[in-house]
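Numbering of the first sequence is given in the numbering used here, commencing with residue 218 and proceeding in unit increments. For every residue, glycine included, the Cβ atom is placed at its ideal position computed from N, Cα and C. Being a predicted model, the structure only gives us computed values, none of them experimental. To start, the structure under review is shown below, and the notes come after it.
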Amino acid sequence: MRIVCEENLNKKLLDLYHQLRSEHGTLKWWPADTPFEVALGAILTQATAWRNVVKAIDNLKAADTFTPEQIHAISQDELEQLLHPSGYFRMKAKKVRAFVKHIVQRPMQEMFKQDVPELREELLSIYGVGPETADSIILYAAEKPSFVVDTYTYRLLSRLGWVEGNFHYARLRALFMDNLPHDVNLFNEYHALIVRHGARVCQKTPECQACGLQSVCDYFSN
DNA sequence: AGCCAGGACTGAG
DNA sequence: CTCAGTCATGGC
218 MRIVCEENLN KKLLDLYHQL RSEHGTLKWW PADTPFEVAL GAILTQATAW RNVVKAIDNL
278 KAADTFTPEQ IHAISQDELE QLLHPSGYFR MKAKKVRAFV KHIVQRPMQE MFKQDVPELR
338 EELLSIYGVG PETADSIILY AAEKPSFVVD TYTYRLLSRL GWVEGNFHYA RLRALFMDNL
398 PHDVNLFNEY HALIVRHGAR VCQKTPECQA CGLQSVCDYF SN
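Structure, rendered in structure tokens:
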């Protein structure tokens with residue numbers, strides 16, 4: 218992946234942000250009540266529709282198995298059954314177990330005392346936590362400025378013609394973080410808007426030649 | 001009836 | 001390091 222146009226990326230990224238906001242409003246993510254629920258959702262939503270994640274989380278709540286300690290106490294088989302509707306349930310159970318094992322020994326609030334680079338490294342060291350999951354936890358649970366990138370982000374920028382080539386997480390994240398103020402609320406809303414845009418608006422229809430959001434397409438087509 | 005969803009890990013070249 | 005294969009359910 219390479220960045221096509223380097224100049225004025227700062228302004229372009231802010232313009233795109235405001236276009237998305239005018240289209241979708243203010244979202245104030247993440248759909249969860251606690252930092253642990255954010256992390257759980259971040260792992261469960263890997264390559265999975267959010268509606269299926271909700272089913273799994275509801276199962277955990279209904280079984281009164283929703284604290285790190287409670288999840289840590291049950292078996293792999295039991296966890297697999299509860300996570301079943303979220304897909305990849307064997308892998309997800311393994312990942313969730315690795316995560317709770319880590320934070321039972323070292324609570325999230327302790328981890329969150331670190332700065333972003335150290336916190337990110339620690340999260341990445343946990344089995345099942347890759348770059349997007351780590352950044353989601355940092356931004357939406359720890360509330361520290363680490364930009365979250367996903368396939369929707371790549372599609373949008375790719376269709377706008379700002380990047381070319383294969384998806385590259387680190388370069389895409391750097392594109393945002395090197396050209397925007399490190400503001401938690403800005404990063405929060407920006408990623409949320411991109412996902413909302415991608416999931417609800419940007420369909421792969423023939424008429425969607427660019428990104429699918431008409432105002433964005435119109436605005437950046439000149 | 002396919003196609004694909006807010007990825008990460010593994011092994012091969 | 002780059003990349004295909006693997007994991008799996010449920011909604012449209």
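> Can you pull the DSSP bridge partners for residue 219?
Replying inline: Looking up residue 219 in the first sequence gives position 2. DSSP output for residue 219 lists 381 as bridge partner(s).
> With a CB to CB cut of under 6 Å and the five nearest residues on each side skipped, what residues in its chain are close to residue 320?
Replying inline: Mapped onto the first sequence, residue 320 falls at position 103. If we look at residue 320 and ignore the five residues flanking it on each side, its Cβ neighbours are 285.
> Between the C-alpha atoms of residue 327 and residue 359, what's the straight-line distance to the nearest angstrom?
Replying inline: On the first sequence, residue 327 is found 110 positions in, with the first residue counted as 1. On the first sequence, residue 359 is found 142 positions in, with the first residue counted as 1. Cα-Cα distance, rounded: 10 Å.
> Which same chain residues, not among the five before or five after residue 254, have their C-beta less than 6 Å away from its C-beta?
Replying inline: Taking the first sequence and counting its residues from 1, one reaches residue 254 at position 37. Cβ within range, chain order: n/a, list empty.
>> Taking its Cβ as the centre, do 16 or more other Cβ atoms sit within 10 Å of residue 236, making it buried, or is it exposed?
In response: Translated into the one-based positions of the first sequence, residue 236 becomes position 19. So residue 236 ends up on the buried side.
> With residue 267 and residue 409 assumed to form a contact (beta carbons below 8 Å), what rounded beta-carbon distance in angstroms separates them?
Replying inline: Taking the first residue of the first sequence as position 1, residue 267 is located at position 50. Taking the first residue of the first sequence as position 1, residue 409 is located at position 192. With 8 Å as the limit, residue 267 and residue 409 do not qualify as a contact, their Cβ atoms being about 12 Å apart.
>> For residue 337, which residues in the same chain have their Cβ closer than 8 Å to its Cβ, ignoring the five residues on either side in sequence?
In response: Taking the first residue of the first sequence as position 1, residue 337 is located at position 120. Closer than 8 Å at the Cβ level, and outside the excluded window around residue 337, lie 351, 352, 355, 363.
> Would you report the Cα separation of residue 280 and residue 307, rounded to the nearest angstrom?
Replying inline: By one-based count along the first sequence, residue 280 stands at place 63. By one-based count along the first sequence, residue 307 stands at place 90. Their backbone Cα atoms lie some 18 Å apart in a straight line.
> For the alpha helix (DSSP H) that contains residue 330, what are its first and last residues?
Replying inline: Position 113 of the first sequence, counted from the start, is the residue given in the question as residue 330. Here residue 330 belongs to no alpha helix (DSSP H), and DSSP marks it neither H nor E.
> In its own chain, which residues sit with a C-beta less than 6 Å from the C-beta of residue 252, not counting the 5 before and 5 after it?
Replying inline: By 1-based counting over the first sequence, the position of residue 252 is 35. Only 325, 358 meet the Cβ criterion.
> Of the residues 297, 263, 226, 272, which one's Cα is nearest the Cα of residue 348?
Replying inline: Position 131 of the first sequence, counted from the start, is the residue given in the question as residue 348. It is 263 whose Cα lies nearest to the Cα of residue 348.
> Which stretch, first to last residue, makes up the alpha helix (DSSP H) that contains residue 267?
Replying inline: Numbered from its first residue, the first sequence carries residue 267 at position 50. Residues 267–279.
> Is it buried or exposed for residue 310, if we count other Cβ within 10 angstroms and need 16 for buried?
Replying inline: Looking up residue 310 in the first sequence gives position 93. Classification for residue 310: buried.
> How close, in whole Å, do the beta carbons of residue 299 and residue 276 come, if the pair is a contact with beta carbons under 8 Å?
Replying inline: Indexing the first sequence from 1 puts residue 299 at position 82. Indexing the first sequence from 1 puts residue 276 at position 59. About 4 Å; that satisfies the 8 Å criterion.
> Do residue 396 and residue 269 come within 8 Å of each other at the CB atom, strictly closer than that value?
Replying inline: In the first sequence, residue 269 corresponds to position 52, counting from 1. In the first sequence, residue 396 corresponds to position 179, counting from 1. Not closer than 8 Å, so no.
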